[in-house]
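Down below is the structure, laid out as structure tokens.
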Amino acid sequence: MGILKPTTNNQQPRPQGASSEACQQLTTAPAGRFRPEGRPFLSVVIPIYNEVENIDSLYRALEKELDGIKGGAEVIAVDDGSSDGSFDLLRSMLQKNGRWRIIRLRRNFGQTAAMTAGFDLARGEVIITLDGDLQNDPADIPQLLAKMEEGYDVVSGWREKRRDKFVTRRLPSMIANRLISRLTGVALHDYGCTLKAYRSDVIKGVHLYGELHRFIPALAGWMGVRVAEIKVRHHPRRAGKSKYGLSRTVRVMLDLITVKFMLTSATRPMQVFGLFGMIASSLGLIGGIYMTLLKFIYHVSIGGRPLLLMFIMLIFVGIQFISIGLLGELVIRTYHEAQSKPIYAIREIAGREE
4 MGILKPTTNN QQPRPQGASS EACQQLTTAP AGRFRPEGRP FLSVVIPIYN
54 EVENIDSLYR ALEKELDGIK GGAEVIAVDD GSSDGSFDLL RSMLQKNGRW
104 RIIRLRRNFG QTAAMTAGFD LARGEVIITL DGDLQNDPAD IPQLLAKMEE
154 GYDVVSGWRE KRRDKFVTRR LPSMIANRLI SRLTGVALHD YGCTLKAYRS
204 DVIKGVHLYG ELHRFIPALA GWMGVRVAEI KVRHHPRRAG KSKYGLSRTV
254 RVMLDLITVK FMLTSATRPM QVFGLFGMIA SSLGLIGGIY MTLLKFIYHV
304 SIGGRPLLLM FIMLIFVGIQ FISIGLLGEL VIRTYHEAQS KPIYAIREIA
354 GREE
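Each number in the working numbering corresponds to the 1-based position in the sequence shown with 3 added.
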């Protein structure tokens, strides 16, 4: 049985991206299902926040599906600072099945952070994410895996018959999905569906922060991965309280701006900000020359003209945009060089090794 231990310097180093201040890890002894050095085929990552009423049902539904997975499966439940006893109930799962691993975050960091913690500790070749409220159906896991066998790297669930309120949940989601698909170039009907499957090398190459978990297919699309979408079941919430509301739409729109910039201009900010800067400065300079000619050749008073102030402002705005572009170039170079992060993604290498 696992015991709760805070991370210390004497313990095994934590996976890259996992913070010792962010989580306490439950370590479990092997239960005979995997060899100590073995690697399961599938990891199921489940962020949990105040879902004590759903955990038992979730456990039974998951075990029914995972028992038949060839190559073995593990479940990583991430308790995101629950205050309703969810963690204690999750810990009891270790007595039932050594397949489960539990991560307890020190406070509520949000769904993106919880999923990232799960990704960092996942050992499976394929990683599936699942909500803990049973609105996603674990019975759809085989369908996701079957679709991945066709050669896809990311398979996203589509809640075609979504069981949520129309005005506050479904309508904003429909608008957001169309906008996200158009701006990112990765067309999906349902970006907000947590039920998704990823190849491990793909998801571990996507660095998440803020609330970017819903944009993972678009972010992964930068690497040229194959993305597919299948219809999945969606159930009304049976117990507990939803953690999402209409205010979430605003955050989604702000995150979309970030994602769009990351996908199109993150590696060349100077070409974006510099272009606006050059246009603004050029207009300001041309207008300044025009006003100078009026003053010294035609002896027209220009001191009180609003156009003079506008042209001067355009010059300064242009200089600011160019400066932002230069700073952006420095930041991007520092980011890539400090993390040894490549600006490309390799699918495979063919040929004899030297």
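Built from N, CA and C at the ideal position, the CB exists for glycine as well.
(1) Going by DSSP in three states, V48 sits in which element: helix, strand or coil?
(2) Excluding five sequence neighbours on each side, which residues of the same chain lie with their C-beta closer than 8 Å to the C-beta of L215?
(3) Who are the near neighbours of A341 in its chain, counting only those whose CB is closer than 6 Å to its CB and skipping five residues on each side?
(4) Please identify the residue among F314, F299, A283, M313 whose C-alpha is closest to the C-alpha of S326.
(5) When the distance is taken between beta carbons, is L198 closer than 8 Å to G160?
(6) Evaluate L310 with the Cβ neighbour count: other Cβ atoms within 10 Å of its Cβ, from every protein chain shown; 16 or more gives buried, anything less gives exposed.
(7) Identify the residues that DSSP records as bridge partners of Y331: which are they?
(8) Starting from the N-terminal side, write out each stretch of the beta strand (DSSP E) that is 3 residues or longer and does not extend beyond the region 182 to 252.
(9) Suppose contacts are defined by Cβ-Cβ distances below 8 Å. Is L186 in contact with G127 by that definition?
(10) Would you kindly work out how many angstroms separate the C-alpha atoms of I401 and D204, rounded to a whole number?
(11) Is the separation between the beta-carbon of D83 and that of L108 shorter than 8 Å?
(12) Once you ignore the five residues that flank S176 on each side, which residues in its own chain have a CB closer than 6 Å to its CB?
(13) Tell me V78's beta-bridge partners as DSSP assigns them.
(14) Three-state secondary structure (DSSP) at A341?
(15) In the DSSP output, what is V158 paired with across the bridge?
(16) Is the region 91 to 103 close to the region 163 to 180, with three or more CB pairs under 8 Å?
(17) Determine whether the beta carbon atoms of P272 and E332 lie at a separation below 8 Å.
If we stick to the structure as given:
(1) strand
(2) In its chain, beyond the 5 residues on either side, T115, L222, D258, T261, V262 have a beta carbon closer than 8 Å to the beta carbon of L215.
(3) The same chain holds no residue with a CB closer than 6 Å to that of A341 once the five nearest residues on each side in sequence are set aside.
(4) Closest by alpha carbon: A283.
(5) A contact, by the Cβ cut-off of 8 Å.
(6) exposed
(7) Per the sequence shown, the amino acid found at residue 331 is Gly instead of Tyr. Partner(s): none; G331 has no beta bridge.
(8) Whole beta strand (DSSP E) segments, 3+ residues: 199 to 202, 230 to 234.
(9) no
(10) Given that the chain is displayed from residue 4 to residue 357, the structure contains no residue 401 and the question cannot be resolved.
(11) Contact annotation: D83 and L108 have beta-carbon atoms nearer than 8 Å.
(12) Cβ within range, chain order: G195.
(13) V47, W103
(14) helix
(15) A200, A231
(16) no
(17) Between P272 and E332, the gap from beta carbon to beta carbon is short of 8 Å.
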